[in-house]
Structure formats: C-alpha cells, structure tokens
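Respectively, the protein sequence lines represent chains P and V.
Taking the working numbering, the leading residue of the first sequence gets 8, the next gets one more, and so forth.
Taking the working numbering, the leading residue of the second sequence gets -13, the next gets one more, and so forth.
From the three backbone atoms N, C-alpha and C, an ideal C-beta is built for every residue, glycine too.
Just so we're clear, the structure is a prediction, and the values are computed from it rather than from any experiment.
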Amino acid sequence: GDSVTQTEGPVTVSESESLIINCTYSATSIAYPNLFWYVRYPGEGLQLLLKVITAGQKGSSRGFEATYNKETTSFHLQKASVQESDSAVYYCALGSNMGYKLTFGTGTSLLVDP
Amino acid sequence: DAGVTQTPRHEVAEKGQTIILKCEPVSGHNDLFWYRQTKIQGLELLSYFRSKSLMEDGGAFKDRFKAEMLNSSFSTLKIQPTEPKDSAVYLCASSFDREVFFGKGTRLTVV
C-alpha cells in the first residue's frame, strides 16, 4: 500500500538555525501522487503548510520549502532560519489526484529553543 | 466562512460504551474524511465519503467503527463498543478542488 516515512521526533533546534525534516514516500496505488506538508500548532487544528502536485517542482510557504523529487521519492521540508513560533508538529502526506484521500506520516514534533 | 466543525471537543467514555462523534464539513465540499490520530501510528484513515457515498471504510476499523453521512452537511462516527485502545484524537476533514481542511478534532479517552 501507500506509505510515508518521516524523521522521528522530537527534533530540537535553536532559533535562527537551519532545519530539515526528511520525508520519503511509497505510492504503489497512485499513478501521479501529490505531496503535502501539514502543520499543527499548539492548540490549533491541522492545517496545510505547502503542497506540490507536479514532480520536480518546489513548494514554499512561511519560509519553508520542499521539493518533490520523484527519483528519490522524497519531499524533505527545509527552512534556513527557524523561529520559536515554528514549534509545532509537522506531517508529510501523500495524496491521489483523484478523491484526495491523504496518507500521512507519523508526524515530527519540532521544538525551537529561543 | 466556517471551517470544519467537530463536536464534542473532548469525550470520556467507559469501556463498552457507545459514543458518537459529530462533524460538519465546510459548506460545498464534496469529500469527507474521518481520521484517527495517535502518537504511535500518526493519522490513520477510518472512512472516506465522496458526495455522501462511502468510498472507503478503513479496513481494520470496520468491526466497531461506523461512519455515516446522512446529508451533505453532517457526518457521524460511531464507536461501539469502545475499548481503551480507542483513546485517540479523531479528526474530520473535508475537501474540494485539491485542498483538505481539518477540524480541531475530538479527543476521546476510554477508561
């Protein structure tokens, strides 16, 4: 079946340092998978951070970037300089381009030290 | 514009009890999903509806979990009977045109 594997947390980073959260996927039932990063800030619901629906493209939002790499089946999340407000749980997800059922990774908890 | 609304936000049930979780999707969304969220497993799909028709019922969750969508603006997830291992956050989500919106979830504790 389809699956997503991401960096196990918790991950602790100091403010202004760089961040990478790894994500790899396996899309056995989806011909053209779409890739997403969702984020859950403390006390809030899960929300979309960024998405990329075409292989080779890069998505970006709030200083975060992720490139859809079909060859390595990866969609790593990166940020050059994190802020304390980035502390949250980040989920990588894989979706079909039909129906939009999402398969999620287990989530990576990020704590940014001020 | 209201997002996905889930009620209750918290539920405590005794083992063996029946509980019903409720969800109101974003108006106009065609697809509705129920997920279970735990620290170990992450988000697992329980049910998926498209235009009120059940498309997927989550395989391993079939026996005690039943999701229904009687109209396009309301869905329920029934767990019967509950077991302590069902303690988790249950998320409802709806989507239209390639974007999925999540509710804040219902935290269920089964004692």
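query: Supposed close pair Q13 of chain P, G102 of chain P - CB separation, criterion 8 Å; result: Rounded, the Cβ-Cβ distance is 15 Å, inconsistent with contact.
query: Span separating the alpha-carbon of Y21 of chain V from that of W44 of chain P; result: 17 Å
query: Proximal residues to R(-5) of chain V (C-beta, below 8 Å), its chain only, five neighbours per side dropped; result: K90, G91, T92, R93
query: Spatial distance of L32 of chain V from R50 of chain V (CA atoms); result: 11 Å
query: Secondary structure of S92 of chain P, DSSP reduced to three states; result: helix
query: Contact list for G91 of chain V against chain P, beta-carbon separation under 7 Å; result: G52
query: is_contact[L56 of chain V, chain P] using C-beta, thresh 7 Å; result: no
query: Any 3 or more C-beta pairs closer than 8 Å across the region 12 to 31 of chain V and the region 51 to 65 of chain V; result: yes
query: Three or more C-beta pairs below 8 Å linking the region 26 to 44 of chain P and the region 83 to 90 of chain P; result: yes
query: Minimum C-alpha distance to P67 of chain V - residue among V:S73, V:G2, V:Q(-8); result: V:G2
query: Buried or exposed (CB count within 10 angstroms, at least 16 for buried), L118 of chain P; result: exposed
query: DSSP-derived helix/strand/coil call for G50 of chain P; result: coil
query: CB of S88 of chain P within 7 Å of CB of S23 of chain P, strictly; result: yes
query: Under 8 Å by beta carbon: chain P residues contacting G28 of chain V; result: Y98, F111, G112, T113, G114
query: Inter-residue Cα distance where the pair is D72 of chain V and K38 of chain V; result: 25 Å
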